[in-house]
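**Student:** Just dropping this structure here.
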Amino acid sequence: MGISRARSFTTLPFPFLLLILEVIFLCLLPSSAAGDIYNLVYKGCANQSFSGGGAAYGQTLAAMSTSLATQAASSKFYKTTASSSYGGQSLFGLFQCRGDLSNSDCSACVARLLPMWPSLCGASAAARVQLAGCYALYQVSGFPQVSGTQLLYKTCGSGSGGGDFEVKRDTTFSQLQNGVAGGKGFFATSYGSVYAMAQCEGDLSPGDCSDCVTQAIQKSEVECGGASSGQVYLDKCYISYSYYANGVTTAGGGGGGGGGGGGQTGKTVAIVVGAAAGVGFLIICLLFARSVVKRDEGEQQYPSLSMLSRLVGDRGGGERDKLVRGSVLTCPLMESLQRIWQFALGLHVVAIQQMEMKGIIQAGVSLYFCTSPTCKSCKLA
Numbered sequence: 021m022g023i024s025r026a027r028s029f030t031t032l033p034f035p036f037l038l039l040i041l042e043v044i045f046l047c048l049l050p051s052s053a054a055g056d057i058y059n060l061v062y063k064g065c066a067n068q069s070f071s072g073g074g075a076a077y078g079q080t081l082a083a084m085s086t087s088l089a090t091q092a093a094s095s096k097f098y099k100t101t102a103s104s105s106y107g108g109q110s111l112f113g114l115f116q117c118r119g120d121l122s123n124s125d126c127s128a129c130v131a132r133l134l135p136m137w138p139s140l141c142g143a144s145a146a147a148r149v150q151l152a153g154c155y156a157l158y159q160v161s162g163f164p165q166v167s168g169t170q171l172l173y174k175t176c177g178s179g180s181g182g183g184d185f186e187v188k189r190d191t192t193f194s195q196l197q198n199g200v201a202g203g204k205g206f207f208a209t210s211y212g213s214v215y216a217m218a219q220c221e222g223d224l225s226p227g228d229c230s231d232c233v234t235q236a237i238q239k240s241e242v243e244c245g246g247a248s249s250g251q252v253y254l255d256k257c258y259i260s261y262s263y264y265a266n267g268v269t270t271a272g273g274g275g276g277g278g279g280g281g282g283g284q285t286g287k288t289v290a291i292v293v294g295a296a297a298g299v300g301f302l303i304i305c306l307l308f309a310r311s312v313v314k315r316d317e318g319e320q321q322y323p324s325l326s327m328l329s330r331l332v333g334d335r336g337g338g339e340r341d342k343l344v345r346g347s348v349l350t351c352p353l354m355e356s357l358q359r360i361w362q363f364a365l366g367l368h369v370v371a372i373q374q375m376e377m378k379g380i381i382q383a384g385v386s387l388y389f390c391t392s393p394t395c396k397s398c399k400l401a
């Protein structure tokens, strides 16, 4: 009995592992639309000043901000009170994030907003700042209260929505009212070419929320008339709507303060699908490793950047066949790799270009891949 020849195993190259992580990273890149949650919609500052001196004001506001920022990491609505050891008036404050934001986006939005209190309103006895993705307010104890349906801010688009716009808008508004009446403090919907969303303060009852949204809708009809978009902010709720002539897209729902719901939903979907693409790419690479392990003779050639460039642009399959003959990849494996790679690059090509990372990433890929001077051809499947 002869001694069997020891089987050599070719390990998956470390650069290829880096590529796996890079593709997953690309798929998980947030879209550029995420930045609009920080856009300032409006600010409201009281004419009265905080009593008790600058030290008391600074300490109380800092304590309030710390408490709210801590809670924003795990909650989308929170209210609390704070006081200072220097005396003076105690503060009541709260924050609320838009209902479709993730916890991380909510936390980032609140962190961006809180320093705006003193920068925009100084030492005012009360301040309210609304960003596109969140709002926060504080007021000294005993500060005069306003009605929950008090109009705080409104903005209306300049164009009109066309002949049947108002019918579509009214249908969308009806869906909003039904959505919040069902106990949903945040609700977004679309009908035809109109996207709309509404949100009530976190501790408002379903009945009060429905009443507030109804008031906001009525005010929008009076204030904005037939305008193609509008945002109406009341003390306890707000609504936003936009008309899209070509139909509501996944990026729809924009428009300053209230909008962006559809855009955030599209972002979430892109992240989920992108992650799935990354997992699929990982599976392909594991299959690649398996094919390498099965080969125990000769040197193999790993795909170079130029190979991948031709592969990504290949539509008829000719380039794929050429590459397979000089690669360790089988035809079915190469075809799967081509599809996954095209999808991963296409999913965030706009974000990559906007972030001016395309050249950096391509350079990184070129470093990650290596080419061996010799190779053993594989048979076409």
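To convert, take the position in the sequence shown, counting from 1, and add 20; that gives the numbering used here. Beta carbons: idealized from backbone N, C-alpha and C, even for Gly.
1) Please state the DSSP three-state secondary structure of Lys174.
2) Taking 8 Å as the cut-off, is the beta-carbon of Ala145 closer than that to any non-hydrogen atom of the ligand FAD?
3) What is the rounded straight-line gap between the Cα of Ala147 and the Cα of Ser105?
4) What would DSSP say about Ser213, mapped onto helix, strand or coil?
5) Bridge partners for Ser12 per DSSP, in chain order?
6) DSSP puts Phe115 in a beta bridge; with which residues?
7) Does DSSP classify Tyr264 as helix, strand or coil?
8) Locate the alpha helix (DSSP H) running through Gln235, then write down its first and last residues.
9) Under three-state DSSP, which class holds Ser180?
10) What are the boundary residues of the beta strand (DSSP E) that includes Gln150?
11) Count the other CB atoms within 10 Å of the CB of Leu143; is the residue buried (16 or more) or exposed (fewer)?
12) So does the region 111-126 actually touch the region 94-102, counting three or more Cβ pairs closer than 8 Å?
13) Assuming Ala216 contacts Ile259 (C-beta within less than 8 Å), just tell me the rounded distance between them.
14) Just to confirm my understanding: we take Gly162, look at its own chain, exclude 5 residues before and 5 after, and list those with CB closer than 8 Å. What are they?
15) Comparing C-alpha positions only, which one of Ala89, Asp125, Gly78 sits nearest to Ser69?
16) What first and last residue would you give for the beta strand (DSSP E) that runs through Val61?
17) Look up Gln411 in the DSSP assignment and say whether it is helix, strand or coil.
18) Taking the Cβ atom as the reference point for each residue, do Ala236 and Ala247 lie within a distance shorter than 9 Å?
19) Run the CB neighbour count on Ser240, radius 10 Å, all protein chains shown included, and call it buried at 16 or more, exposed below.
20) What's the gap between the Cα of Lys63 and the Cα of Phe185?
21) So the candidates are Ala156, Ala75, Phe112, Gly227; which of them puts its Cα closest to the Cα of Leu60?
22) Take the Cβ of Ala83 as the centre, count every other Cβ of all protein chains shown within 10 Å, and call the residue buried at 16 or more, exposed below.
23) Is the Cβ-Cβ distance between Asp255 and Gly168 less than 9 Å?
24) What three-state label does DSSP hand Gln109 in the structure shown?
25) Express the C-alpha separation of Leu121 and Gly366 in angstroms, rounding to a whole number.
26) Using three-state DSSP, classify Gln165 as helix, strand or coil.
27) Pro226 and Gly245 - do their beta-carbons sit closer together than 9 Å?
28) For Cys229, which residues of its own chain have a beta-carbon under 7 Å away from its beta-carbon, when the five flanking residues on both sides are left out?
29) Let me make sure I understand the geometry here. Which of Asn198, Ala75, Leu134 has the alpha-carbon closest to that of Gln91?
30) Express the C-alpha separation of Leu81 and Leu111 in angstroms, rounding to a whole number.
31) Give me the Cα-Cα distance between Ser194 and Ser262, rounded to the nearest whole angstrom.
32) Apart from the five residues just before and just after Cys65, which ones in its own chain have a Cβ nearer than 6 Å to its Cβ?
33) Is it the case that the Cβ atoms of Tyr173 and Val233 are separated by a distance below 9 Å?
34) Decide if Gln165 is buried, meaning its Cβ has at least 16 other Cβ atoms within 10 Å, or exposed.
35) Between the C-alpha atoms of Val242 and Gly222, what's the straight-line distance to the nearest angstrom?
36) Thinking C-beta only, is Cys176 closer than 9 Å to Ser249?
**Tutor:** Once the coordinates are examined:
1) DSSP places Lys174 in the strand class (E or B) of the three-state scheme.
2) The ligand FAD is absent from the structure shown, which contains no ligands of any kind.
3) Straight-line measurement puts the Cα of Ser105 at about 22 Å from the Cα of Ala147.
4) coil
5) Here the chain covers residues 21 to 401 and nothing more, so residue 12 does not appear.
6) According to DSSP, Phe115 bridges with Tyr98, Ala156.
7) Looking at Tyr264 - three-state DSSP - the assignment turns out to be coil, as it is neither helix nor strand.
8) Following the DSSP letters along the chain, one finds Gln235 inside the alpha helix (DSSP H) bounded by residues 226-244.
9) strand
10) Here the beta strand (DSSP E) through Gln150 covers 146-151.
11) Before going on, a small fix: residue 143 reads as Ala here, not Leu. Ala143 should be labelled buried.
12) yes
13) 7 Å
14) Within the same chain, Gly162 has close Cβ partners Gln109.
15) For the residues Ala89, Asp125, Gly78, the minimum Cα distance to Ser69 belongs to Gly78.
16) 60-65
17) Since the displayed the chain opens at 21 and closes at 401, residue 411 lies outside it and no answer follows.
18) no
19) Buried: at least 16 other Cβ atoms inside 10 Å.
20) 31 Å
21) Ala156
22) buried
23) yes
24) Gln109 falls in the coil class under three-state DSSP.
25) Confidence in Gly366 is poor, its pLDDT being 49 and thus under 50, which makes the residue's placement unreliable; the coordinate value appears in the next sentence. Answer to the nearest angstrom: the Cα atoms are 25 Å apart.
26) coil
27) no
28) Val200, Gly205, Cys220, Cys257
29) The shortest C-alpha separation from Gln91 is found at Leu134.
30) 8 Å
31) 15 Å
32) Cys141, Ser144, Ala147
33) no
34) exposed
35) 26 Å
36) yes
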